[in-house]
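A quick write-up on the structure given underneath.
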Amino acid sequence: MVSVSSASSAIAAAEASAAALSRSTAAPRLPAWLEVAKPRLIPLLLATTLAGMAVSADPVDGSTIACTLVGGTFSAAAAGILNCLWEEELDGRMARTSRRALPSGRLEGRRALLLAALLTVSAVLVLVIGVNALAASLALLGLCSYVLLYTALLKPRTPQNIVIGGVAGAIPPLVGAAAASGALGWSSWWLFALVIVWTPAHFWALALLLRDDYRAVGIPMLPVVKGVATTADAIQAYARATALLSLGGVLALPAGGLLYGLLVLPFNARLLQLSGTLALEPGDPGRARALFRWSILYLFGICLLLLLARLPLAEALQLPPSMLPAMLPTLAP
9 MVSVSSASSA IAAAEASAAA LSRSTAAPRL PAWLEVAKPR LIPLLLATTL AGMAVSADPV
69 DGSTIACTLV GGTFSAAAAG ILNCLWEEEL DGRMARTSRR ALPSGRLEGR RALLLAALLT
129 VSAVLVLVIG VNALAASLAL LGLCSYVLLY TALLKPRTPQ NIVIGGVAGA IPPLVGAAAA
189 SGALGWSSWW LFALVIVWTP AHFWALALLL RDDYRAVGIP MLPVVKGVAT TADAIQAYAR
249 ATALLSLGGV LALPAGGLLY GLLVLPFNAR LLQLSGTLAL EPGDPGRARA LFRWSILYLF
309 GICLLLLLAR LPLAEALQLP PSMLPAMLPT LAP
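Counting from 1, position 58 in the sequence shown corresponds to residue 66 in this note's numbering; the numbering is continuous, with no gaps.
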């Protein structure tokens with residue numbers, strides 16, 4: 009016998025899915041060639057690229073910054089198109105994605121493949137000529153790891169797909185650091201690690217909202233395999249790890265660590281609050297949605313703080329490493 013609470017939860021979930029589908033169909037549609045490039049994902053990747061430059065001690069000229077951002081945009085767009093090509097059949101079976109350009113027939117697969125190839129070549133050329141070979145190689149590695157490691161290998165096979173596959177999304181900071189200095193110091197690896205640790209809480213919050221779609225097509229996302237309660241607990245654990253690791257920016261920045269260290273605290277407090285409330289009510293779509301949205305703003309905020317910390321005034325507020333332990337109690341749950 010189905011309980012009243014279970015029935016209510018099912019009705020609420022159905023209403024939320026219907027509302028989301030209604031919003032997606034009512035929203036203005038992008039041109040097919042642009043839609044497959046997933047342009048909404050690119051700004052955050054570029055923000056982490058700039059943050060990778062910020063944690064480098066070397067000055068960066070405007071031409072290098074411009075070429076890095078253009079090459080990064082081309083590379084990310086190519087990765088998005090190849091992802092859409094690989095998942096065309098899968099997207100056609102999901103209500104949320106069936107109206108995308110490829111499964112709906114608005115764009116031919118061979119044209120999408122040609123566009124991806126042109127963007128990939130353009131990205132490599134721009135980065136090799138305008139930046140350096142290391143930045144170009146890392147951008148190409150990010151593209152391949154997203155398409156082959158995450159999309160093709162991990163996503164359809166393991167609920168830990170985003171934990172391992174998060175490496176792909178964490179490469180842009182390395183591209184930025186390589187563009188700035190031609191090498192990868194420990195600061196760039198700190199930011200790489202931070203993005204990896206941030207990724208599960210971000211994607212699993214979304215997966216909680218879309219778990220019925222994933223279940224219908226057999227994608228083993230964590231909420232499908234382990235349930236909402238286990239997923240919410242895992243999200244909270246990764247949120248805590250993210251908040252703790254974010255303090256490493258105090259030491260990773262060549263200057264301006266005090267400003268960053270102080271301003272990052274409210275970002276972490278909000279992240280921990282939202283992950284904690286989700287853990288209390290893991291089946292509440294409103295809480296999952298709030299965390300998902302904040303996780304995006306959180307990473308944008310971290311990148312902005314790293315950039316602000318490099319301003320001349322902020323650089324005068326360098327934090328001695330001995331003060332870092334005193335900040336840790338603020339992250340206690």
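Every residue gets a Cβ at the ideal spot worked out from N, C-alpha and C, and that includes glycine.
A quick note: this is a predicted structure, and the numbers were derived from the prediction, not measured.
- Closest by C-alpha distance to Pro208, out of Tyr158, Gly113, Ser64 and Ile243, is Ile243.
- Of the candidates Cys92, Gly269, His210 and Leu218, the residue whose Cα lies closest to the Cα of Tyr154 is Cys92.
- Taking 4 residues as the shortest admissible run, the region 160-241 contains the following complete alpha helix (DSSP H) segments, listed from N- to C-terminal end: 169-177, 179-189, 194-217, 219-225 and 230-234.
- Taking each of Ala87, Tyr268, Ala120 and Ala201 in turn and checking the Cα distance to Ala147, the smallest one comes out for Ala87.
- When rounded, the separation of the alpha-carbon atoms in Phe211 and Glu97 is 22 Å.
- DSSP, read as helix, strand or coil, puts Pro293 in helix.
- Note on Asp221: 16 or more other CB atoms within 10 angstroms of its CB, so buried under the neighbour-count rule.
- Annotated three-state conformation of Met102 is coil, per DSSP.
- Taking a C-beta distance under 8 Å as the contact criterion, Ala317 and Ala62 qualify as a contact pair.
- Considered as a whole, the region 53-110 harbours 70-94 and 96-101 as its complete alpha helix (DSSP H) runs of no fewer than 4 residues, in chain order.
- The C-beta separation of Val236 from Gly291 comes to about 5 Å, placing the pair in contact by the 8 Å criterion.
- Take Leu253, set aside five residues on each side of it, and the residues of its chain with a beta-carbon closer than 8 Å to its own are Trp198, Ala201, Leu202 and Val205, in chain order.
- Collapsing the DSSP output to three states places Asn140 in coil.
- Separation of Gly256 and Thr72 (C-alpha to C-alpha, rounded to the nearest whole angstrom) is 26 Å.
- As the crow flies, the alpha-carbon of Leu288 is around 13 Å from that of Gly294.
- Within a 10 Å sphere around the beta-carbon of Gly226 sit fewer than 16 other beta-carbons, which makes this residue exposed.
- Of all alpha-carbon atoms in Arg219, Ser196 and Tyr246, the one lying nearest the alpha-carbon of Cys311 is that of Ser196.
- Closest option to Ala40, judged by alpha-carbon separation, among Leu110, Ser64 and Ser283: Leu110.
- By the Cβ neighbour-count rule, Val272 is buried, with 16 or more other Cβ atoms within 10 Å of its own.
- Put simply, the backbone Cα of Thr81 is about 20 Å away from that of Gly173.
- Going by beta carbons, Ser83 and Ala185 fall outside the 8 Å limit.
- By the C-beta density criterion, Leu121 is exposed, having fewer than 16 other C-beta atoms within 10 angstroms.
- Excluding its 5 nearest sequence neighbours in each direction, Ala85 has C-beta neighbours in its own chain below 6 Å: Ala45 and Leu127, listed in chain order.
- If you draw a straight line from the Cα of Val134 to the Cα of Gly70, it is about 14 Å long.
- For a cut-off of 8 Å, the C-beta gap from Pro181 to Ala59 is around 6 Å, short enough to register as a contact.
- Here Ser112 carries a coil assignment [DSSP, helix/strand/coil].
- In this structure, Gly190 lies away from Ala131, with their beta-carbon atoms at least 8 Å apart.
- The DSSP-derived three-state label of Val44 is coil.
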